[in-house]
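With the working numbering applied, the sequence shown covers 256 to 333. The beta-carbon is built from N, C-alpha and C at its ideal position, and this holds for glycine as well.
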Amino acid sequence: MMQIKMYTKSYCSYCHAAKNLLSKRGLNFEEIPVLGDPVAEQQMRKLSGRTTVPQIFIDGKPIGGYTELVQLDMDGEL
């Protein structure tokens with residue numbers, strides 16, 4: 256079973272869409288909110304090299320955001 260971590264912000268529509276997609280696929284994920292948490296936000300930037308959310312990691316590998324998650328789903332890799 257794959258391990259999925261997702262850095263999010265509560266107001267982010269792409270974050271909500273990514274969570275909905277993973278839930279519809281029956282995949283468990285750990286959500287790490289970064290809004291108001293500078294330590295979590297710094298960790299996200301360090302791990303992904305990006306400042307936008309969502310930032311999604313599968314088995315420790317950064318895959319990007321919502322667009323990349325959708326592509327993995329379309330390719331049958333989720």
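Assuming Leu282 and Ile259 make a contact with CB atoms under 8 Å, what is their CB distance in whole Å?
Here residue 282 refers to the residue found at position 27 when the sequence shown is read from its first residue. Here residue 259 refers to the residue found at position 4 when the sequence shown is read from its first residue. Going by Cβ atoms, the distance from Leu282 to Ile259 rounds to 6 Å, so yes, they are a contact pair.
From the DSSP output, read off the bridge partner residues of Thr263.
Within the sequence shown, numbered from 1, the residue matching residue 263 stands at position 8. Bridge partners of Thr263: Pro288.
First and last residue of the uninterrupted alpha helix (DSSP H) at Gln297
Walking along the sequence shown from the start, residue 297 turns up at place 42. Run containing Gln297: Pro293 to Ser303, per the alpha helix (DSSP H) assignment.
Looking only at its chain, what residues have a beta carbon closer than 6 Å to the beta carbon of Ser303, apart from the 5 residues adjacent to it on each side?
Along the sequence shown, one-based indexing puts residue 303 at 48. Only Gln310 and Pro317 meet the Cβ criterion.
Would you give the residue range spanned by the beta strand (DSSP E) that Gln385 belongs to?
A query on residue 385 cannot be resolved here, the shown segment of the chain reaching from 256 to 333 and no further.
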